[in-house]
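Residue numbers (our numbering): 514 to 769. Read through the structure below, which is laid out as structure tokens, and then see the notes.
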Amino acid sequence: MAVKRSTLGLCRDSVLAKQFDDPRWKRDDSSRSVEGWDVERVSKWASETDTLPDEVARKLREHAIDGSALLVFGRDDLKEIGITAPGTLAKIIHAIQKLKNSARGDVVLVEESAYCFGKMIDQLRLRAMCGTDDEQPPEPEIREPDKKRFKRIVEYYFPGDEASSFILGRSVQEAVGANEWNNVVRGNKNPAANDTVLAFIQTHGEFSDIGADLTFCIRTLQNHFSESEVRSAIEFLEFEGAIYSTIDDTKYKYAL
Numbered sequence: 514m515a516v517k518r519s520t521l522g523l524c525r526d527s528v529l530a531k532q533f534d535d536p537r538w539k540r541d542d543s544s545r546s547v548e549g550w551d552v553e554r555v556s557k558w559a560s561e562t563d564t565l566p567d568e569v570a571r572k573l574r575e576h577a578i579d580g581s582a583l584l585v586f587g588r589d590d591l592k593e594i595g596i597t598a599p600g601t602l603a604k605i606i607h608a609i610q611k612l613k614n615s616a617r618g619d620v621v622l623v624e625e626s627a628y629c630f631g632k633m634i635d636q637l638r639l640r641a642m643c644g645t646d647d648e649q650p651p652e653p654e655i656r657e658p659d660k661k662r663f664k665r666i667v668e669y670y671f672p673g674d675e676a677s678s679f680i681l682g683r684s685v686q687e688a689v690g691a692n693e694w695n696n697v698v699r700g701n702k703n704p705a706a707n708d709t710v711l712a713f714i715q716t717h718g719e720f721s722d723i724g725a726d727l728t729f730c731i732r733t734l735q736n737h738f739s740e741s742e743v744r745s746a747i748e749f750l751e752f753e754g755a756i757y758s759t760i761d762d763t764k765y766k767y768a769l
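Here it is, written out as structure tokens:
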């Protein structure tokens, strides 16, 4: 079903409204240009990227990596062509991610969920149909497993906006809040882990557009804290507002 632009822009200061007014979000051919890079253009990009050592450009050229391959490269792919140093791997992954972001206008997307996004749009439609500003649409009915994700997506698109209240509805906010609080109270009694994980995310998230990686955090801290302790710290820090997830539940940035 089509959505009117006036409905998407119902709350003018929201991220959602700005998304459809910002020319960076318009479809263009910039991403295609990267996919069309030949081997020499990829090698030139690597050699001109200040954070990458010279060996990267050489390895990419030796293995005939073109633009379309570069955009889907991960750690395992890089290791297969002989780039194994952890620091170098992290720098290349970061550089490739920046390349992807620049291709779509340096915009970082919140996690995708057709179900949650559709429910959010439905609430906006209902609000647009209300006769007066005081009239509120009925609360949304959200599946239990999706309530936390729905709340996170709405709060991303409507940060600090009163619109988030009529889109979320009291039942979703109370259900998610109660569940998160119970999890924090039951599962987090390790301030040392909290402080260490927060410092990790603050440091590593600063150098990535999408934030620090949870799996890398768990692996890095495995000699000090168990995986469950790290995940518990993540839940606590996110609940406290010290960190926030970016594209999904595995990428986090420092919020304070």
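C-beta: ideal position from N, C-alpha, C; glycine also. Please read all numbers here as calculations on a predicted model, not as lab measurements.
Worksheet item: Within 8 angstroms (strictly less), CB to CB, does Glu719 reach chain C?
Response: As a matter of chain content, chain C is missing from the structure shown, which is built from one protein chain.
Worksheet item: Taking Cβ positions, are Lys572 and Ile606 nearer each other than 8 angstroms?
Response: Working through the sequence shown from its first residue, we reach residue 572 at position 59. Working through the sequence shown from its first residue, we reach residue 606 at position 93. Taking a C-beta distance under 8 angstroms as the contact criterion, Lys572 and Ile606 do not qualify as a contact pair.
Worksheet item: Three-state secondary structure (DSSP) at Ser721?
Response: One-based indexing of the sequence shown puts residue 721 at position 208. Correct three-state label for Ser721: coil.
Worksheet item: What separation, rounded to the nearest whole angstrom, lies between the Cα atoms of Asp542 and Gly549?
Response: By 1-based counting over the sequence shown, the position of residue 542 is 29. By 1-based counting over the sequence shown, the position of residue 549 is 36. For Asp542, the pLDDT reaches just 44, beneath the cut-off of 50, and the residue's location in the model is therefore unreliable, leaving the point undetermined.
Worksheet item: Helix, strand or coil for Asp726 per DSSP?
Response: For this step, residue 726 is matched to residue 213 along the sequence shown. Asp726: strand per DSSP, three-state reduction.
Fill in: Beta-carbon spacing of Leu602, Leu591 below 8 angstroms
As a position in the sequence shown, residue 602 is number 89, starting the count at 1. As a position in the sequence shown, residue 591 is number 78, starting the count at 1. Contact check for Leu602 against Leu591 passes: the beta carbons are separated by less than 8 angstroms.
Worksheet entry | Cβ-based burial, Ser739 [other Cβ within 10 Å; buried from 16] | Locating residue 739 in the sequence shown gives position 226, counting from the first residue. Classification of Ser739: exposed, given that the 10 Å Cβ count is below 16.
Worksheet entry | Exposure label - Gly580; buried when at least 16 CB within 10 Å | Position 67 of the sequence shown, counted from the first residue, corresponds to residue 580. Buried, because 16 or more other Cβ atoms sit within 10 Å of the Cβ of Gly580.
Item to complete: Leaving out five residues on either side along the sequence, give the residues of the same chain with a beta carbon under 8 angstroms from the beta carbon of Arg732.
Response: Residue 732 sits at position 219 when you count from the first residue of the sequence shown. Sequence-distant partners of Arg732 (beyond 5 residues in either direction) whose C-beta falls short of 8 angstroms from its own C-beta are missing from its chain.
Fill in: Member of Val528, Cys524, Asp762, Thr763 whose CA lies at the smallest distance from the CA of Arg638
By 1-based counting over the sequence shown, the position of residue 638 is 125. Here the closest residue by C-alpha is Cys524.
Worksheet entry | Buried or exposed (CB count within 10 angstroms, at least 16 for buried), Glu742 | Translated into positions along the sequence shown, residue 742 becomes position 229. Classified as buried, Glu742 has 16 or more neighbouring CB atoms from the shown chains inside 10 Å of its CB.
Discussion item. Output needed for Thr728: all residues of its chain with C-beta closer than 8 angstroms, excluding positions within five of it in sequence on either side, in chain order.
Written reply: Along the sequence shown, read from residue 1 onward, the residue named residue 728 stands at position 215. Cβ neighbours of Thr728 beyond the five flanking positions: Thr763.
Item to complete: Take Met642 and list the residues in its own chain whose beta-carbon comes closer than 7 angstroms to its own, dropping the five residues that flank it on each side.
Response: Walking along the sequence shown from the start, residue 642 turns up at place 129. Excluding five sequence positions before and after Met642, none of the CB atoms of its chain fall closer than 7 angstroms to its own CB.
Discussion item. Going by DSSP, what residue range makes up the alpha helix (DSSP H) through Ile747?
Written reply: To locate residue 747, count along the sequence shown from 1; it is residue 234. Run containing Ile747: 740–753, per the alpha helix (DSSP H) assignment.
Discussion item. If you follow the alpha helix (DSSP H) that Ile666 is in, where does it begin and where does it stop?
Written reply: Taking the first residue of the sequence shown as 1, we reach residue 666 at position 153. If you look at Ile666, you'll find it in the alpha helix (DSSP H) that goes 660–670.
Fill in: Range covered by the beta strand (DSSP E) that runs through Ser758
Counting from 1 along the sequence shown, the entry for residue 758 is found at position 245. Residue range 756–758 is occupied by the beta strand (DSSP E) that includes Ser758.
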